[in-house]
Amino acid sequence: MRLTSNDRGYTLAEIAVGAAMIGVIGLLLYSVLNLCIVLGAKNTAINVAHQNARTAMTRMVRDLHAAVSLPYLVDTNGNQVAGNGPAAGISFQGWSGGPHLFTSDAATDQSQINIKVTSGQPIPVVGQRVIVPTHQIEDDITAVSGTPDNLTLTLAHNLPVAVAGTSAYSIVCFITDRCSYTVTNGALDRRAAAIPTAPSVVGHNLTDPAPFSAPTASTGAPYSRFVAGINVATMDPHYSNRALKSANILLNGQVPIKGRLTTYQ
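Read in order, the letters of the sequence shown correspond to residues 85 to 349 in the working numbering.
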């Protein structure tokens with residue numbers, strides 16, 4: 085029986101060409117799929133880093149904007165840093181309670197005062213500060229005793245001036261917390277002096293170890309409208325198993341001054 089050209093199988097050359105075409109198409113499909121996976125992972129990392137930076141920035145701006153003292157720059161140990169920065173941390177005082185009414189006079193060189201805590205407000209605790217704006221008294225609380233209606237606060241120092249006339253006039257004090265934000269080993273820590281626990285971490289993977297500064301005007305003098313400058317840069321190195329890192333996300337902001345209750349730090 086004689087075979088025609090239509091009955092013969094594929095030649096070796098035809099099989100080789102077909103296999104090569106299938107290989108090229110498969111390689112193209114794999115390259116497109118791998119590219120989509122890498123771009124998706126990068127986009128996820130950028131979103132994570134961006135959200136991390138925004139969360140940290142929002143928390144800091146809220147606290148600094150509500151501060152009742154002028155913030156000052158500190159190092160990782162909480163020591164004040166001279167100049168305008170940059171610095172690893174920033175410290176400030178936040179309002180905690182008040183106004184609380186004095187219940188009795190206090191003499192000069194006396195280290196205790198008696199107050200009545202305003203109803204519904206927290207009882208002052210050791211580590212907080214007492215602020216008496218009318219007498220420019222500001223000091224740390226070292227002991228607390230008594231009842232909310234007649235609470236005795238022991239201060240770290242004796243009173244520089246007497247508080248008199250409490251029976252005839254309403255003399256009040258306020259309670260503040262000394263707080264700080266510090267970057268340590270890439271983590272943004274928030275501390276409150278009145279809470280003797282480990283700092284709370286509000287940001288991760290910060291790439292700038294000294295993101296805080298004190299804004300200045302063009303003349304070099306402190307900028308009276310702003311109390312702090314913040315540069316937050318973050319990245320997420322753990323978002324995939326491909327050993328890729330997201331691009332740094334940088335947020336820059338200046339916190340405007342809102343109100344000032346204290347004179348001293």
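C-beta atoms are modelled at their ideal positions from N, C-alpha and C, and glycine is treated no differently.
Item checked: Among D233, M105, A172, nearest to F186 - alpha-carbon criterion -> Across the set D233, M105, A172, the C-alpha of D233 shows the shortest separation from the C-alpha of F186.
Checklist line | Pick from T260, N198, V108, P293 that is closest to T268, judged by C-alpha positions | finding: That would be P293, whose Cα lies nearest to the Cα of T268.
Note to self: So, with DSSP's three-state summary, where would you put G182?
What the structure shows: strand
Margin query: Check for me: the beta strand (DSSP E) holding Y348 runs from which residue to which?
Written below: Looking at the DSSP string, Y348 is not in any beta strand (DSSP E), and its letter there is neither H nor E.
Item checked: C-alpha gap between H241 and A166, whole angstroms -> 25 angstroms
Margin query: Suppose you measure from the CA of P295 to the CA of A271; what does that come to, to the nearest Å?
Written below: 12 angstroms
Check: Can you tell me whether DSSP reads T360 as helix, strand or coil?
Finding: There is no way to answer for residue 360, as the model of the chain reaches only from 85 to 349.
Checklist line | Cβ-Cβ separation, Q194 to L243 (assumed contact under 8 angstroms), whole Å | finding: 5 angstroms
Check: Would DSSP call T260 helix, strand or coil?
Finding: strand
Check: For P208, which of F176, T95, R138, H184 has the nearest alpha-carbon?
Finding: H184
Notebook entry, point to check: Anyone know if the C-beta pair for Q205 and G181 falls short of 7 angstroms?
Noted result: yes
Checklist line | From Q220, G211, L290, I225, residue whose alpha carbon lies closest to that of C263 | finding: G211
Next item on the list: Please check the pair H288 and N136, which I expect to be a contact at CB under 8 angstroms, by giving their CB distance rounded to whole angstroms.
Entry: 6 angstroms
Check: Closest to G173 by CA distance: which of V245, I197, A190, L148 is it?
Finding: L148
Note to self: According to DSSP, simplified to helix, strand and coil, what is A190?
What the structure shows: strand
Margin query: Rounded to the nearest angstrom, what separates L290 and N127 at their Cα positions?
Written below: 18 angstroms
Item checked: beta strand (DSSP E) runs wholly inside the region 120–176, at least 3 long, in chain order -> 156–158
Margin query: Within the continuous beta strand (DSSP E) that includes D223, where are the two ends?
Written below: 221–231
Next item on the list: Would you tell me roughly how many angstroms separate the C-alpha atoms of V158 and A246, rounded to the nearest one?
Entry: Note on geometry: alpha-carbon atoms of V158 and A246 lie some 33 angstroms from one another.
Notebook entry, point to check: beta strand (DSSP E) containing V216: first to last residue?
Noted result: Annotation: the continuous beta strand (DSSP E) that includes V216 extends over 213–216.
Check: Roughly how many whole angstroms lie between the Cα atoms of R143 and V286?
Finding: Pairing R143 with V286, the inter-Cα distance amounts to about 8 angstroms.
Notebook entry, point to check: Under the DSSP definition of a beta bridge, which residues are partnered with V267?
Noted result: L272
Note to self: Based on DSSP bridge pairs, tell me the residues matched to Q196.
What the structure shows: T238
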